[in-house]
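Using this note's numbering, read the sequence shown as starting at 1 and increasing by one per residue.
Reading through the structure tokens given below for one structure.
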Amino acid sequence: MGNDEIRTVNVLKSARVGYSKMLLVAAAYQIEHKRRNILFLVPSDASAAEFMKSQIETMVRDVPPLRDLAPWYGKANHRDSTLNLKRFSHGKQLWCRGGKAAKNYRELSADTVIYDELAAFDSDVEKEGSPLFLGDKRIEGSTFPKSIRGSTPKIHGPVDEGGCQMETAANASPHLMRLHVPCPHCGAEQALKWGGKDCAFGIKWDGDNPSAAWYVCEANGCVVQQHEMQAQQSKGRWICERTGIWTRDSQDFFDADGETIPVPDSLSFHVWTAYSPFVSWGRIVLDFLQAKKDVNGLKTWTNTTLGETWVEDQGDKIEWELLYGRREVWNHLPSRVVALTGFIDTQDDRYEARIWAWAAGEEGWLVDRWILYGDPASQELKRKVGLRLHQQYQREDGVSMRVALWGWDSGGHHRDDVYAESKKHGLLWVIPTKGHSVYDKPIADFPRKKNKDGVYLTMIGTDNAKELIYSRLKLQPQPGAIVPGVLHLPANDDICDESELKQLTAETKVMKIEKGKRVYRWDDKGRRNEALDCVVGALAMLRVAQQRFGLVLEVPSTAVTAPSPVVTSKRRSTGSGYLKQRR
């Protein structure tokens with residue numbers, strides 16, 4: 001950032017690596033020592049005002065050479081100190097503006113433009129073009145122009161299809177630099193990598209103690225502790241794996257043979273949480289184990305911990321015939337099943353329900369299906385549904401289980417009927433639901449309080465739920481082995497016939513234009529999808545049980561058996577203690 005010969009610097013980063021502080025140091029140095037004008041661009045006007053107050057003003061306060069240039073510091077309503085501008089006594093200026101409005105890019109002459117969280121900017125600023133094009137125009141007249149772009153990345157792909165602007169900017173540079181650290185045992189230089197369970201190197205952990213993580217050397221399999229690797233970082237080199245050039249300090253550059261080369265005009269850097277002294281490798285592992293339970297969580301972990309873009313599954317269609325061919329025979333539920341959840345889909349002429357069983361690792365079994373025809377508003381049909389709610393299912397060890405939580409679709413014009421049934425059978429046992437109209441929401445959003453109608457209306461993030469379900473339907477059951485996340489389907493046409501599987505696989509991702517951007521959305525193309533809606537709802541109820549009532553699936557010895565619900569809010573639990581919280 002301090003080398004005048006480098007015009008463009010791109011930083012693909014995770015969270016918690018000190019990037020914002022690096023920007024402040026670079027800005028302070030350039031203002032005070034090099035006498036440069038600085039333009040900070042952040043995603044919105046609100047974030048610009050907050051950045052100026054929380055970051056820039058505290059920097060001026062805490063850096064004496066800069067404070068000496070700020071006679072306005074500590075004075076209210078000074079014309080040289082606003083939420084958009086700081087003007088220093090030697091004539092240099094620092095602006096901080098939001099990137100949403102095209103007017104914020106106009107009539108400014110800067111030497112350095114700094115984009116913070118570029119991936120969160122609009123890709124087309126009020127139909128006038130990309131923020132990078134508009135912002136970099138502000139430095140064209142400078143003797144030493146510099147454009148610094150940095151961000152936690154988002155979605156992989158072309159910008160005009162909703163992809164990450166930060167990744168696109170980084171890829172435009174011929175050089176992508178990663179810090180290669182010498183192994184403290186064998187000396188082999190390597191960029192730190194996550195690795196993954198099928199990789200021989202990277203961060204590893206004991207399944208019973210993930211907080212005590214270590215690193216396995218990519219070159220020779222050496223076991224390295226975090227403090228050992230961090231002690232080696234000062235000996236590391238930033239190496240481009242594309243071209244072989246390298247540097248230690250971004251001042252002097254060398255080719256792969258060690259010969260001095262001219263300073264590049266453009267560089268990109270990648271750094272992620274494993275290098276950070278503020279975060280333990282054990283914390284990275286614990287965050288991963290929590291995040292992998294949910295596609296949305298895994299996406300966030302990939303962006304904010306690995307500092308990498310997320311590759312969206314564009315919905316390769318799962319063929320129902322493949323699922324039909326892998327159906328399984330069982331008489332009773334496995335003894336490792338911990339809880340059952342169910343969901344009722346409301347149609348104009350019927351109620352449909354599916355019950356799913358869950359075990360450690362969110363291994364799931366389709367347990368039952370029932371369809372009751374009639375007028376959904378009729379008392380007779382609701383009476384039949386009420387009888388079904390109490391049905392019991394037996395594990396192979398003889399334990400009888402009821403459904404721990406029911407979700408009931410309250411969309412459409414039968415909302416009041418569903419609300420009434422929730423109050424009748426138990427507000428915290430039969431939960432009205434509605435699909436989120438906003439994309440990319442959590443699988444289940446259980447409210448803290450009852451709504452004005454007196455029920456706990458739970459919003460379901462259907463897109464994230466479908467993403468997770470379709471990824472798990474691709475997992476194959478292994479005879480005699482436990483496969484976390486796999487969804488078991490019964491070889492029983494009363495529960496799982498061709499129609500069920502066609503409904504389960506009815507949707508695919510299609511590209512649509514929303515607010516001028518290309519996005520991918522799930523689409524059923526007019527096909528019936530009640531089975532998919534029901535497993536989405538059952539998964540949402542599992543999330544509610546985990547997040548609101550403390551259900552832990554990784555305790556297979558404890559079966560959750562719902563109590564006989566009554567109208568009052570206090571109900572006795574005959575199973576694990578998590579239901580006792582529902583009082």
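Built from N, CA and C at the ideal position, the CB exists for glycine as well.
On a predicted model such as this, the values are computed, not experimentally measured, just so you know.
C-beta neighbour in chain C for D160, strict 8 Å: The question asks about chain C, but that chain is absent: this structure has only one protein chain.
Test item: CB-CB of S268 and A191 under 8 Å: Counted from its first residue, the sequence shown places residue 268 at position 268. Counted from its first residue, the sequence shown places residue 191 at position 191. Cβ distance not < 8 Å, so S268 and A191 don't count as in contact.
Buried versus exposed call for S109 [16 or more other C-beta atoms within 10 Å across all chains shown]: In the sequence shown, counting from the first residue as 1, residue 109 sits at position 109. S109 should be labelled exposed.
Proximity of R528 and F446 at Cβ, strictly below 8 Å: As a working note, residue 528 is residue 528 in the sequence shown. As a working note, residue 446 is residue 446 in the sequence shown. For R528 and F446, no; Cβs fall outside 8 Å.
D463 burial status per 10 Å Cβ neighbour count (16 or more: buried): As a working note, residue 463 is residue 463 in the sequence shown. When all chains shown are included, D463 counts as buried.
Where the beta strand (DSSP E) containing F343 begins and where it ends: Locating residue 343 in the sequence shown gives position 343, where the first residue counts as 1. Segment A339 to Q347, the beta strand (DSSP E) holding F343.
Cut-off 7 Å between Cβ atoms - residues of its own chain near Q226, not counting five sequence neighbours on either side: Taking the sequence shown and counting its residues from 1, the one referred to as residue 226 is at position 226. Here the set comprises S280 and W281.
Three-state secondary structure assigned by DSSP to Y19: Taking the first residue of the sequence shown as position 1, residue 19 is located at position 19. If DSSP states are grouped into helix, strand and coil, Y19 belongs with the helices.
Chain-order list of residues whose beta-carbon lies under 8 Å from that of R237 (same chain, five-residue window excluded): Sequence index remark: in the sequence shown, residue 237 carries index 237 (1-based). The answer, listed in chain order, is L179, H180, E189, W246, T247 and R248.
Where the beta strand (DSSP E) through M459 begins and ends: If you number the sequence shown from 1, residue 459 lands on position 459. From DSSP, the beta strand (DSSP E) with M459 extends over T458 to I460.
Endpoints, the alpha helix (DSSP H) within which G537 is located: To locate residue 537, count along the sequence shown from 1; it is residue 537. G537 -> alpha helix (DSSP H) spans E530 to Q547.
Proximity of A404 and A545 at Cβ, strictly below 8 Å: Numbered from its first residue, the sequence shown carries residue 404 at position 404. Numbered from its first residue, the sequence shown carries residue 545 at position 545. Yes.
Alpha helix (DSSP H) runs contained entirely in the segment 406–455, provided each spans 4 or more residues: Runs found: 415–425.
F133 - DSSP class collapsed to helix/strand/coil: On the sequence shown, residue 133 is found 133 positions in, with the first residue counted as 1. DSSP places F133 within a helical segment (H, G or I) once states are collapsed to three.
CA-to-CA distance, W205 to V9, given in whole angstroms: Here residue 9 refers to the residue found at position 9 when the sequence shown is read from its first residue. Here residue 205 refers to the residue found at position 205 when the sequence shown is read from its first residue. Whole-angstrom Cα-Cα distance: 35 Å.
Alpha-carbon spacing of L47 relative to A357, whole angstroms: Reading the sequence shown from its first residue, position 47 is the one you call residue 47. Reading the sequence shown from its first residue, position 357 is the one you call residue 357. Just to set this straight, residue 47 is Ser in the shown sequence, not Leu. So the two alpha carbons sit approximately 45 Å from each other.
Option nearest D111 by Cα separation, candidates E362, G99, E140 and V11: Sequence index remark: in the sequence shown, residue 111 carries index 111 (1-based). It is E140 whose Cα lies nearest to the Cα of D111.
Where Y373 falls, given that 16 or more other Cβ within 10 Å makes a residue buried: As a position in the sequence shown, residue 373 is number 373, starting the count at 1. Answer is exposed; the Cβ neighbour count stays below 16.
Helix, strand or coil at F288 according to DSSP, with G and I counted as helix: Numbered from 1 along the sequence shown, position 288 holds the residue referred to as residue 288. It is helical.
Closest residue to I460 among V271, G244, P376 and Y439 (Cα-Cα distance): Here residue 460 refers to the residue found at position 460 when the sequence shown is read from its first residue. I460 has its Cα closest to that of Y439, out of V271, G244, P376 and Y439.
Bridge partners - C164, DSSP secondary structure assignment: The residue given as residue 164 occupies position 164 in the sequence shown. Its beta-bridge partners do not exist; DSSP assigns none.
Residues near V11 in its chain [Cβ-Cβ closer than 6 Å; skip 5 each side]: Residue numbering aside, residue 11 sits at position 11 when the sequence shown is read from its first letter. The residues are G150 and F269.
Through-space distance from S130 to D160, alpha-carbon basis: Here the question's residue 160 lines up with position 160 in the sequence shown. Here the question's residue 130 lines up with position 130 in the sequence shown. Using only the alpha carbons, I get a separation of about 10 Å.
Helix, strand or coil at Y470 [DSSP, three-state]: For the purposes of this step, residue 470 is taken as the residue at position 470 of the sequence shown. Reduced to three states, the DSSP call for Y470 is helix.
Helix, strand or coil at L366 according to DSSP, with G and I counted as helix: Mapped onto the sequence shown, residue 366 falls at position 366. L366 falls in the strand class under three-state DSSP.
Pair within 8 Å by beta-carbon distance, T168 and E117: Your numbering for residue 168 matches position 168 in the sequence shown. Your numbering for residue 117 matches position 117 in the sequence shown. No, these two residues do not count as a Cβ contact at 8 Å.
Nearest-angstrom Cα separation, counted from K293 out to A359: Sequence index remark: in the sequence shown, residue 359 carries index 359 (1-based). Sequence index remark: in the sequence shown, residue 293 carries index 293 (1-based). So the two alpha carbons sit approximately 13 Å from each other.
CB contact flag (Q154, W310, <8 Å): Working through the sequence shown from its first residue, we reach residue 154 at position 154. Working through the sequence shown from its first residue, we reach residue 310 at position 310. Residue identity differs from the one stated: residue 154 is Lys in this sequence, not Gln. In this structure, W310 lies closer than 8 Å to K154 by Cβ.
Range covered by the alpha helix (DSSP H) that runs through E498: By one-based count along the sequence shown, residue 498 stands at place 498. Unbroken alpha helix (DSSP H) run through E498: E498 to L504.
R326 versus R395: straight-line alpha-carbon distance, rounded: Counting from one through the sequence shown, the residue named residue 326 turns up at place 326. Counting from one through the sequence shown, the residue named residue 395 turns up at place 395. One C-alpha to the other measures close to 22 Å.
Whole-angstrom C-beta distance between D136 and G98, which should lie under 8 Å: Start at 1 with the first residue of the sequence shown, and residue 98 comes out as number 98. Start at 1 with the first residue of the sequence shown, and residue 136 comes out as number 136. Not really, about 17 Å apart at Cβ, beyond 8 Å.
N- and C-terminal bounds of the alpha helix (DSSP H) containing D45: Residue numbering aside, residue 45 sits at position 45 when the sequence shown is read from its first letter. Element bounds for D45: D45 to F51.
Other residues of its chain near G577: CB distance less than 6 Å, five sequence neighbours each side excluded: Residue numbering aside, residue 577 sits at position 577 when the sequence shown is read from its first letter. For G577, the predicted model reports a pLDDT of 40, less than 50, meaning its position is unreliable; a value from the coordinates is still stated below. No residues qualify anywhere along the chain.
Status (buried if at least 16 other CB within 10 Å, exposed otherwise) for T260: Residue 260 sits at position 260 when you count from the first residue of the sequence shown. Its Cβ having fewer than 16 others within 10 Å, T260 is exposed.
DSSP three-state assignment for R327, whether helix, strand or coil: As a position in the sequence shown, residue 327 is number 327, starting the count at 1. Three-state DSSP puts R327 in coil, outside helix and strand.
Residues bridged to N209 [DSSP beta-bridge criterion]: As a working mapping, residue 209 is identified with position 209 in the sequence shown. For N209, which the question treats as bridged, DSSP gives the partners D206.
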